[in-house]
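Asks: Chains as they are written, first to last, in full-length UniProt numbering: chain A, 1 to 109; chain B, 1 to 109.
2 protein chains.
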Amino acid sequence: MDVFTALADPTRRAMLDLLTGGARPAGDLVAAFPALTQPAISRHLRVLREVGLVDVRAQAQRRIYTLRTEPLSEVDAWLGRYRDYWARHLDAIEAHLAAPPGQGAHDDR
Amino acid sequence: MDVFTALADPTRRAMLDLLTGGARPAGDLVAAFPALTQPAISRHLRVLREVGLVDVRAQAQRRIYTLRTEPLSEVDAWLGRYRDYWARHLDAIEAHLAAPPGQGAHDDR
DNA sequence: TGCTCATATAAGCACAACGTCATACAGCAC
DNA sequence: GTGCTGTATGACGTTGTGCTTATATGAGCA
């Protein structure tokens, strides 16, 4: 599973959001999502671990999870290309609305 | 389907990438992905349409697809929070490595 | 009118994702 | 050792995603 797929799940995003508040034991995350069972959370944590979005460290029987933002740079890089596009065309919609319909596409290139 | 899920598919991301080069008819996209059939591309286009990442306009029998970056702002906003986190802790890993193990988590709050 | 081109939709299948309950395992306390 | 706590894993069912082939729709053209 890649980072984009890992982020596609809203629960996982919410878990990451929680972790921005600092490292937490798995149990805290379980408690934070009462709609889900402990195994479900554990699996989400596994996914996050696998894509490198969290780090685990054992503290007695507890597993302390920490956020790792590094994999987000891939997403950020991808988005970056669109920020550029956006800046260049930031009016694509308005331009399109303003143009008389039926006119040939302002096809850009 | 939400934007995050739409972006989870690599083919869809590649399609968006292509559209940064300017508006294209559906046929061009079909041609750009020889590994997939026309209906497959059509369905991906539908998904992108549904989440607002592309705009369609008819030109004779052709459907011209244009990139719309606006929905990406949701992703950008989400990522933004992590940019902040990142800036604040940009050394989370090093700090953790440097800290004597067995010490209570630098739990932040 | 009927044919062809461009695209979308329907139907069906395979597989992955996500959830559950039950269970295993590891560390601590007694 | 026994038992409790915290977390991960196994097995399984359901749902969703993504693909395919076949077909419908709709615009242009002979």
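Backbone N, C-alpha and C define an ideal beta-carbon position, used for all residues, glycine too.
Just so we're clear, the structure is a prediction, and the values are computed from it rather than from any experiment.
Could you give the first and the last residue of the continuous alpha helix (DSSP H) run that contains Gln38(A)?
Replies: Here residue 38(A) is taken as the residue at index 38 of the first sequence, counted from 1. It spans 38 to 50 - the alpha helix (DSSP H) in which Gln38(A) sits, taken as one unbroken run.
Asks: Run through the UniProt domain "HTH arsR-type" (1 to 87) of chain A for me and flag every whole alpha helix (DSSP H) of 4 or more residues, listed as ranges in chain order.
Replies: Counting whole runs of 4 or more residues, the UniProt domain "HTH arsR-type" (1 to 87) of chain A contains the alpha helix (DSSP H) stretches 3 to 8, 10 to 19, 26 to 32, 38 to 50.
Asks: Under 9 Å, do Ala40(A) and Phe33(A) count as touching if we go by C-beta distance?
Replies: Position 40 of the first sequence, counting from 1, holds the residue named residue 40(A). Position 33 of the first sequence, counting from 1, holds the residue named residue 33(A). Yes, the pair counts as a contact, with Cβ atoms nearer than the cut-off.
Asks: Taking the alpha-carbon of Asp9(B) as reference, which of Leu79(A), Thr11(A), Phe4(A) has the nearest alpha-carbon?
Replies: Sequence index remark: in the second sequence, residue 9(B) carries index 9 (1-based). Among Leu79(A), Thr11(A), Phe4(A), the Cα nearest to that of Asp9(B) belongs to Phe4(A).
Asks: Drop a sphere of 10 angstroms on the beta-carbon of Thr66(B), count the other beta-carbons inside from all chains shown, and report buried for 16 or more, exposed for fewer.
Replies: Within the second sequence, residue 66(B) is the residue found at index 66, counting from 1. Under this definition Thr66(B) is a buried residue.
Asks: With a threshold of 9 Å between beta-carbons, can Leu18(B) be considered close to chain A, or not?
Replies: The count along the second sequence starts at 1 and reaches residue 18(B) at position 18. False, the Cβ-Cβ gap to chain A never drops below 9 Å.
Asks: Under 9 Å between C-beta atoms, does Phe4(A) make it to chain B?
Replies: By 1-based counting over the first sequence, the position of residue 4(A) is 4. It does: the Cβ of Phe4(A) has a partner Cβ on chain B nearer than 9 Å.
Asks: Who are the near neighbours of Val51(B) in its chain, counting only those whose CB is closer than 7 Å to its CB and skipping five residues on each side?
Replies: Residue mapping note: residue 51(B) aligns to position 51 of the second sequence, counting from 1. Cβ within range, chain order: Met1, Asp2, Val3, Ala6, Pro71.
Asks: Who are the near neighbours of Ile64(A) in its chain, counting only those whose CB is closer than 6 Å to its CB and skipping five residues on each side?
Replies: If you number the first sequence from 1, residue 64(A) lands on position 64. Same-chain partners within the cutoff: Ala23, Pro25, Arg57.
Asks: Just confirm the distance between the C-beta atoms of Trp78(A) and Arg13(B), as a whole number of angstroms; I'd bet it's less than 8 Å.
Replies: Here residue 78(A) corresponds to residue number 78 of the first sequence, with the count starting at 1. Here residue 13(B) corresponds to residue number 13 of the second sequence, with the count starting at 1. Right, their Cβ atoms sit about 7 Å apart.
Asks: Sort Arg68(B), His89(B), Thr37(B), Val30(B) by Cα distance to Leu48(B) and report the nearest one.
Replies: As a position in the second sequence, residue 48(B) is number 48, starting the count at 1. Measuring from the Cα of Leu48(B), the nearest candidate turns out to be Arg68(B).
Asks: Is the shortest distance between the beta-carbon of Val56(A) and the beta-carbons of chain B less than 9 Å?
Replies: The residue you call residue 56(A) lines up with position 56 of the first sequence. No, because no Cβ of chain B sits closer than 9 Å to the Cβ of Val56(A).
Asks: Taking the alpha carbon of Gln38(A) as the reference point, which residue from Val30(A), His44(A), Leu19(A) has its own alpha carbon closest?
Replies: Residue 38(A) sits at position 38 when you count from the first residue of the first sequence. Minimum Cα distance to Gln38(A) is reached at Val30(A).
Asks: Counting only beta-carbon separations shorter than 9 Å, does Val75(B) have a partner in chain A?
Replies: Numbered from its first residue, the second sequence carries residue 75(B) at position 75. Yes, Val75(B) counts as interfacial toward chain A.
Asks: List the residues of chain B whose Cβ lies closer than 7 Å to the Cβ of residue 188(A), in chain order.
Replies: The requested residue 188(A) does not occur in the structure, where chain A is confined to residues 1 to 109.
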